[in-house]
Amino acid sequence: MHSPMNRRQFLAASAGLAATLAGCATSPSTAAIGIIDTHTHFYDPTRPQGVLWPPKGDDVLYRPILPDEFARLTKPLGVAGTVVVEASTLEEDNQWVLAHAAKGAPILGVVGHLKPARPGFAEQLSRFAENPMFRGIRAGTWEGPLKPDDATTMANLRLLSARNLSLDVNVGTDGLASVAAIAKALPDLRIVINHCANVRVDGQAPPAAWLAGLSACSAHRNVFMKGSGLVEGTGRTNGDAPAETAFYKPVLDAIWERFGEDRVIFGSNWPVSLRFARYETVLGIVRGYVEAKGASATQAYLSGNAKRVYRVRA
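Letter by letter, the sequence shown follows residues 1 to 314 of the numbering used here.
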């Protein structure tokens with residue numbers, strides 16, 4: 001077990017990244033793509049109301065994480081912008097992120113946090129969906145798993161689909177059957193599985209149950225896989241997750257074989273990913289994998305699929 005990266009380690013890693021970026025150019029195959037990162041979080045613990053997450057004792061994450069920092073970090077790497085996934089349980093915090101999105105780049109869209117099993121969902125969805133930057137919601141995190149047999153949940157997800165908005169889901173292997181059931185019942189709803197369904201990444205073949213769950217989900221063309229959470233899956237919280245693409249290849253191959261070129265999406269999970277690896281490493285792992293598959297696959301994975309799913313422009 002590794003202890004979390006402390007603030008001194010984080011600052012040293014940041015300094016090293018800055019030095020690397022100073023002499024780093026994007027590869028020719030990705031320089032003109034305009035990479036879209038579909039999974040970031042922004043927040044500010046110094047605001048009057050504070051934040052519920054991350055906790056105060058977190059030496060890496062408990063500080064203002066704002067769009068300007070993301071832009072400075074990622075623009076040299078060819079990242080054109082990001083879709084922000086709201087990480088607060090407070091519905092009003094959706095508005096805080098949307099206010100930042102109104103300022104323009106690097107935010108291209110916002111996936112909010114609303115609870116489809118709770119009363120008042122329809123009213124909140126109507127309110128936030130009036131904002132053109134609002135692209136969908138994420139569910140299956142703090143409020144518990146999505147339940148395809150719950151009438152209220154399904155009725156509210158139909159409202160989401162009717163508005164042409166997407167559903168991000170944060171699930172593990174045991175939640176994939178529910179995702180498949182929802183996808184079957186709501187074929188017009190775009191569903192994005194986050195963080196490779198939180199599979200353990202150890203360089204070995206993935207578990208059979210995870211593979212079976214992925215196959216059940218990928219059978220429905222409205223389900224997409226976000227290739228985020230790779231370094232997090234290693235559990236190496238000292239910031240020393242492997243940088244070699246080969247280590248992640250068993251997981252990446254399983255996803256590619258099931259979802260194909262047109263249903264895989266890049267997401268970094270920044271700044272959470274900083275516990276495990278630098279942003280450059282997170283992007284480099286995926287880029288090393290997809291560039292070997294050619295220009296079309298690279299463009300789709302790093303940009304094109306994000307534009308289709310979240311209806312954003314970069």
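A virtual CB, placed ideally from N, CA and C, is assigned to each residue, including glycine.
Shortest Cα-Cα distance from Ala139 to any of Gly112, His100, Ser161, Asn198 involves Gly112. Within a 10 Å sphere around the beta-carbon of Pro106 sit 16 or more other beta-carbons, which makes this residue buried. With distances taken between CA atoms, Gln49 lies nearest to Asp93 out of Pro132, Val84, Ala80, Asp93. By the Cβ-count criterion, Asp174 is exposed, with fewer than 16 other Cβ atoms from all chains shown falling within 10 Å of its own Cβ. A Cβ-Cβ contact shorter than 7 Å links Asn194 with Lys226. From the listed residues Ala87, Pro206, Leu252, Ala246, the smallest Cα separation to Tyr301 is found for Leu252. The DSSP assignment places 191 to 193, 223 to 226 as complete runs of the beta strand (DSSP E) inside the stretch 176 to 259, in order along the chain (cut-off: 3 residues). Distance check between Asp58 and each of Arg308, Arg311, Pro271, Ile285 places Pro271 closest, using alpha-carbon atoms only. By the CB criterion at 7 Å, Ala205 and Pro242 fall outside the cutoff.
The secondary-structure analysis by DSSP pairs His113 across a beta bridge with Arg138. Contact check between the stretch 219 to 234 and the stretch 255 to 270: three or more CB pairs, one atom from each, fall below 8 Å, which counts as touching. For Leu167, the pairing in a beta bridge is given by DSSP as Ile137, Ile191. In this chain, the beta strand (DSSP E) harbouring Gly81 covers 79 to 85. Cβ atoms of Leu77 and Leu283 come within 8 Å of each other, at about 6 Å. Exclusion of the five residues before and after Ala306 leaves Ile36, Thr38, Ile265 as the residues of its chain whose Cβ lies within less than 6 Å of its Cβ. Taking a contact to require three or more Cβ pairs closer than 8 Å, the stretch 117 to 126 and the stretch 95 to 102 do not qualify as touching. Between the alpha carbons of Arg313 and Leu108 lies a distance of about 7 Å. Counting along the chain, the unbroken alpha helix (DSSP H) around Ile285 starts and ends at 279 to 291. Cα atoms of Tyr43 and Leu66: separation of roughly 6 Å, rounded to the nearest angstrom.
Between Gly120 and Leu165, the C-beta spacing is not below 7 Å. Only residues of its own chain outside the window of five on either side were considered, and among them Tyr43, Pro45 have a CB closer than 6 Å to the CB of Val51, listed in chain order.
Per the coordinates, the alpha-carbon of Leu189 lies some 22 Å from the alpha-carbon of Trp142.
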